[in-house]
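Numbering (this note's numbering), first residue to last: 1099 to 1262. Heads up, the beta-carbon is just placed ideally off N, CA and C, and yes, glycines get one too. Single-structure report; data block below.
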């Protein structure tokens, strides 16, 4: 099973502030939905809280240190490794998506084989970051640019990057 990270990052590495995204990018959300629908998504509890509900048409696995946490419509795991095992056992898909947040991305960087990276053309103030350094030697296999309009707050580029 391939482990893929999917993330949107500002030019300065920011991915969010106060458990919220800092941009409105309609096209990027459509791509996220298209890529992750009918797959497993793995997220930290804070990311789940910011979304507020299970993502439809996906197996939602939430990572939390709390042994007693129950979330309707989600499976709870205590570690990333447990979450990946659950994904392998519960899904026939060949790809699982790590969708955040900062701590879960860091845990997944050595396990991932693919990175779906949205580079947001903005420098914003935030309190959650994504470190691109571990991916510097990976190979970009596709890149598409999108431009600011009434539904997309900033110019952005969507890259598909694989482990070299």
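*From residue 1129 to residue 1256, what does the alpha carbon distance come to, in whole angstroms?*
9 Å
*Skipping 5 residues on each side, what residues in its chain have a beta carbon closer than 8 Å to that of residue 1250?*
Closer than 8 Å at the Cβ level, and outside the excluded window around residue 1250, lie 1122, 1123, 1124, 1125, 1126 and 1244.
*Please say whether residue 1185 and residue 1159 have beta carbons closer to each other than 8 Å?*
yes
*Is residue 1076 near residue 1219, with beta carbons less than 8 Å apart?*
Outside the shown range of the chain (1099 to 1262) lies residue 1076, about which nothing can therefore be said.
*Do the CB positions of residue 1144 and residue 1199 come within less than 8 Å of each other?*
yes
*Quick one: is residue 1242 buried, meaning 16 or more other Cβ sit within 10 Å of its Cβ, or exposed?*
With fewer than 16 other Cβ atoms within 10 Å, it is exposed.
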